[in-house]
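**Student:**
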Amino acid sequence: MTIKSPKLLLLLSMIVLFTLQAGTALAHKVNIFAYIEGVTVYTESYFPDGRAVEDGKITVVDSNEEALLEGRTNKEGLFSFAIPKKEDLVIILDAGMGHKTRFKLKKSTFGE
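Throughout the sequence shown, residue numbering follows mature numbering (1 follows the signal peptide of the UniProt record, and there is no 0), covering -27 to -1, 1 to 85 in sequence.
1. Between Gly29 and Arg45, what straight-line distance do the alpha-carbon atoms span, to the nearest angstrom?
2. Give every residue of the same chain whose Cβ lies closer than 7 angstroms to the Cβ of Ser36, excluding the five residues on either side of it in the sequence, and list them in chain order.
3. What does the alpha-carbon distance come out to for the pair Gly11 and Phe83?
4. Are Thr16 and Ile9 touching if we call contact CB-CB under 8 angstroms?
5. Leaving out the 5 sequence neighbours to the left and right, which residues in its chain are closer than 7 angstroms to Lys80 when beta-carbon positions are compared?
6. Can you tell me the Cα-Cα spacing of Lys77 and Val14, whole angstroms?
7. For Asp67, which residues of its own chain have a beta-carbon under 7 angstroms away from its beta-carbon, when the five flanking residues on both sides are left out?
8. Out of curiosity, what's the CA-to-CA distance linking Pro21 and Glu43?
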């Protein structure tokens, strides 16, 4: 098949380009969700397609970006830890190959 119309060729090229860019953008997306029960923080990490982040590196930092603890997600993408400080915390997930995200846990969610 030969495309003779320059406008049609341009349109098809743009569609391919936008499709490839969207795929690239989604390729580096990863999600982390965190919640507190008692004195323990529970995290769940997953890719947009629902697959768990297995062996993802978790780093918890304080408001000064000082590392408080590190760990790894399990096969189900889960990781938990005791609250290290009663202040705003940031949980950083590094799932490798450019897949990285952060979750801010406010001090106000810790309760008494």
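Cβ coordinates follow ideal geometry from the N, Cα and C atoms, glycine included.
**Tutor:** Here's the rundown:
1. 5 angstroms
2. Around Ser36: Glu60 and Asp61.
3. In a straight line, the C-alpha of Gly11 is about 8 angstroms away from that of Phe83.
4. no
5. Lys59, Glu60 and Asp61
6. 12 angstroms
7. Gly29, Lys30 and Lys73
8. C-alpha separation (whole angstroms): 24 angstroms.
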